[in-house]
Every structure is written in C-alpha cells, then in structure tokens.
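Those letters in the sequence shown? Residues 829 to 965, by our numbering. Cβ atoms here follow ideal geometry from the backbone N, Cα and C, with glycine treated the same way. Computed from a prediction, not measured in an experiment: that's the story for all the values here. This report refers to the structure that appears directly beneath it.
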Amino acid sequence: MPAKPRTSTIRQRITIPAPREQVYAALTNARLHAAFTGGAASGRARVGYAFTAWDGYISGRHLRLDAPRRIVQEWTTSEWPRDYLPSVLDLRLEAAGRGTRIVMVHSGVPAQQAARYRQGWREFYWEPLQAYFRSPD
C-alpha cells in the first residue's frame with residue numbers, strides 16, 4: 829500500500845480595514861477578487877460552484893458559504909502534486925472594531941509546498957486586500 833502523501837496546515841490571522849460584508853464580497857465575487865489581486869478570477873458565490881483565481885493558477889469549489897461570516901472551499905493550484913487530494917480552505921471573518929479579522933485555516937496542503945503557500949497568502953492575498961481597502965477609490 830502506497831504511503832499517504834504528507835500534508836501541512838497553514839494558520840494565519842490578518843485584520844483588514846473594512847467591514848465583514850465588503851471583505852466577504854471581495855473574497856467571493858470574481859470581479860472584486862480580480863480587482864484586489866490583479867489576476868483574472870471566475871465563478872459564482874454559490875455552494876457547489878467552481879471558481880478560479882490568479883489567471884487559473886488557483887481552482888476549487890465552494891463547500892460552504894455563510895455570508896458574511898465564513899467561506900469554506902476545496903482548493904488546489906496548477907502546481908498541485910497529482911497524488912494529493914484538494915486542500916480545504918476555511919476562512920472565518922470576525923468583526924474587529926471597524927475592520928474584519930480573517931482567521932484562516934488551510935489544511936491538506938502538500939507539505940513540500942506549505943512554506944511557499946504560507947508566504948503566498950501574505951504576499952498575494954492579505955497585503956493586496958489591505959491595500960485595496962485603504963485606497964481612496
């Protein structure tokens with residue numbers, strides 16, 4: 829019997845300077861997602877529906893959507909090893925003063941890619957999302 833692929837869990841917390849409803853929309857609406865990341869996104873914010881982000885680099889399916897409190901997605905990238913199941917991304921959005929605290933648990937990430945994705949969340953999601961809501965537009 830082949831060995832089970834090794835996985836890791838990434839946990840992060842970040843505060844975004846916007847209300848939960850706006851943060852939830854930016855994370856689930858393809859047009860808004862593309863606006864803050866700069867990469868094409870597709871899909872509809874409905875349970876069971878597929879989505880893509882970052883010009884197709886990320887793909888997945890919405891498993892649970894509890895607006896504006898929680899987003900749970902099946903999640904992979906174009907570099908995902910063939911012998912690994914999709915990961916599960918669980919985002920909890922909590923009110924934090926005038927902003928939103930995102931509590932992220934990303935489980936089932938291929939262990940050999942975890943450090944890169946850990947940094948990628950900060951660089952390609954949290955920093956641009958903070959900047960998006962700080963801009964005067």
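Item	Value
Beta carbon of Thr905 nearer than 7 Å to that of Tyr885	yes
Rounded separation between Gly888 and Ser870 - CA only	11 Å
Supposed contact pair Arg898 and Leu919 - C-beta distance, whole angstroms, cut 8 Å	7 Å
Close beta carbons around Leu855, own chain, < 7 Å, minus the five adjacent residues each side	His861, Ile899 and Leu919
Euclidean distance between Cα positions of Glu951 and Ile844	14 Å
Spatially closest choice to Val933 from Pro833, Ile842 and Lys832, by CA coordinates	Ile842
Neighbour-count burial assignment, Pro938, 16 or more Cβ in a 10 Å radius	buried
Buried/exposed call for Tyr852, threshold 16 Cβ in 10 Å	buried
Neighbourhood of Pro909 by C-beta distance below 6 Å, restricted to the same chain and skipping five residues each side	Pro938
Residue(s) in a DSSP beta bridge with Phe879	Gly871 and Gly888
Local Cβ density within 10 Å of Gly927, reported as buried at 16 or more and exposed below that	buried
Beta carbon proximity, Ile930 to chain D, threshold 7 Å	Given the protein chain composition of this structure (a single chain), no chain D is represented.
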